[in-house]
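J.:
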Amino acid sequence: MMATLIFLVLFFLGLYLALRPLRGPREPFPEPPRREELLKELEVLKEEVKSLEGEERKLAMARMVELERALDGWRPPEPRPFNPWPVALALGVVVLLGVGLWRYTLPRLPGETTVTARAEARELKALQDKAKRTGEVADLLAWGRQAYELQAFDQAAEAYLEVLRKDPTNIEAVRRVGILLFMGGRLEEAQMFLEIAQHADPKAAEGWLFLGNLYFQKGQAKEAIAAWERYLEVGGEARERVEGLIAMARAQAQGGMDGKTVYQARCAACHGAEAQGGVGPRLKGNPILKAPEAVREIVLKGRGQMPAVPLGEGELKALLDYLSGL
């Protein structure tokens, strides 16, 4: 609301500045009532000066000059030519200001983020409206998939839970609810949903990936490795990343305690193998890493969609040392 008011004030100010040159100059002061008398006197002097000589002629001419100067102040000034550049410049500033305010300050639509185009957010809103209007499972799934794709996880959870209310056997909804519960740090509930979904549809690579992540969050390295290997067996696309996770998990199971190993085992699944970001935010170059106590707090207690990560003191110290060098 405040951004809109600021924009309107600046818009009208710019419009005033743009149109001001069109008003033209005004007369310096209003025409006096004696103008006609002065004009008549000037005409008489012009005739009389022709017949005057000497000092009288000088006095008459001086009076004529005085009258002409007085009358000159009452004549409208010459019109100035119109210059379009100030108008164009002022309007250009107004347009740029309006675009900037619209792009960076107007409230975003649900599902719209700094990396999500407004068109995609509008499409999501249309799918949401349709799903809520019809209540059909197909429409709810379309809404849930789009919300999940755009990382509008609150909407995705709402859509998939509504699917389960109407069709409790929908495996896609069971799996996605399990993934969303995992992202919210509700590991026990997430495990139940994901295990049910993978038992019913063992070829769903996405489910094995997150089930492996969940097991690893719980410190169950053996089960995590088995889940990630199933992910590779069913043709999961992130082969290199998951192979790295398996290698790191095995290294940790053998006693590896270096920071990179801890990161790959506990963090890479969400933040990327190179800390480039994924489901979780980018860590490489992230300013938060300059505050290790804040990072410690987030890791141990979780924040937002990130669940708490149970780490021993040795693992945590190694991880913080590794993160500080990213």
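Just so you know, we're using the numbering used here here: the sequence shown kicks off at 4 and counts up by one.
Ideal placement from N, C-alpha and C gives every residue a C-beta, glycine not left out.
Given the structure is predicted, the values throughout are model-derived calculations rather than measurements.
Could you check whether the Cβ of Glu175 sits closer than 8 Å to any heavy atom belonging to the ligand NAD?
T.: The ligand NAD is absent from the structure shown, which contains no ligand whatsoever.
J.: Report yes or no: do the stretch 284-303 and the stretch 226-238 share at least 3 C-beta pairs separated by less than 8 Å?
T.: no
J.: For a test of the three-state rule: what should DSSP assign to Arg306, helix, strand or coil?
T.: strand
J.: Can you tell which of Gln154, Leu153, Gly187 and Lys135 has the C-alpha that lies nearest to the C-alpha of Ala162?
T.: Minimum Cα-Cα distance from Ala162 among the listed residues Gln154, Leu153, Gly187 and Lys135 corresponds to Lys135.
J.: Checking 9 Å against the spacing of the C-beta atoms, do Leu326 and Tyr266 come in under that value?
T.: yes
J.: For Met309 and Gly283, I'd like the C-alpha separation in whole angstroms.
T.: Distance between the alpha carbons of Met309 and Gly283 is about 7 Å.
J.: What ranges does the alpha helix (DSSP H) occupy inside the stretch 194-269, keeping only unbroken runs of at least 4 residues that lie completely in it?
T.: 208-220, 224-236, 242-256 and 262-269
J.: Would you mind giving the Cβ-Cβ distance between Ala252 and Ala230, rounded to the nearest angstrom? I have them listed as a contact below 8 Å.
T.: Between Ala230 and Ala252 the Cβ distance is about 10 Å, and since that is not below 8 Å, they are no contact.
J.: According to DSSP, is Arg136 helix, strand or coil?
T.: Arg136 falls in the helix class under three-state DSSP.
J.: Taking the straight line between their C-alpha atoms, what separation do you get for Gly315 and Met195?
T.: 26 Å
J.: Can you name, in chain order, every residue of its own chain whose Cβ lies under 6 Å from the Cβ of Ala275, other than the five neighbours on each side?
T.: According to the sequence shown, residue 275 is Gly rather than Ala. Here the set comprises Gly281.
J.: Take Trp146 and list the residues in its own chain whose beta-carbon comes closer than 8 Å to its own, dropping the five residues that flank it on each side.
T.: Scanning its chain for C-beta atoms nearer than 8 Å, with the 5 sequence neighbours on each side dropped, one finds around Trp146 the residues Leu127, Leu130, Gln131, Lys133, Ala134, Gln158 and Ala162, in chain order.
J.: Just to confirm, is the Cβ distance from Val166 to Leu184 under 9 Å?
T.: When the beta-carbon positions are compared, Val166 and Leu184 stay at least 9 Å from each other.
J.: What are the complete alpha helix (DSSP H) segments, minimum 4 residues, inside the stretch 169-195?
T.: 174-186
J.: For Leu322 versus Gly262, is the C-beta distance shorter than 9 Å?
T.: yes
J.: For Leu45, which residues in the same chain have their Cβ closer than 8 Å to its Cβ, ignoring the five residues on either side in sequence?
T.: Met67, Leu70, Glu71 and Leu74
J.: Find out if the Cβ-Cβ distance for the pair Ala224, Arg178 is shorter than 9 Å.
T.: no
J.: Taking the continuous alpha helix (DSSP H) assigned at Glu316, which residues delimit it?
T.: Glu316 to Ser327
J.: Have a look at Glu175, Ile182, Phe219 and Asn216 and flag the residue whose alpha-carbon is nearest the alpha-carbon of Ala203.
T.: Glu175
J.: Do Ala271 and Gly247 count as a contact pair if the criterion is CB distance below 9 Å?
T.: yes
J.: Use the C-beta contact count for Arg269: other C-beta atoms within 10 angstroms, 16 or more gives buried, fewer gives exposed.
T.: buried
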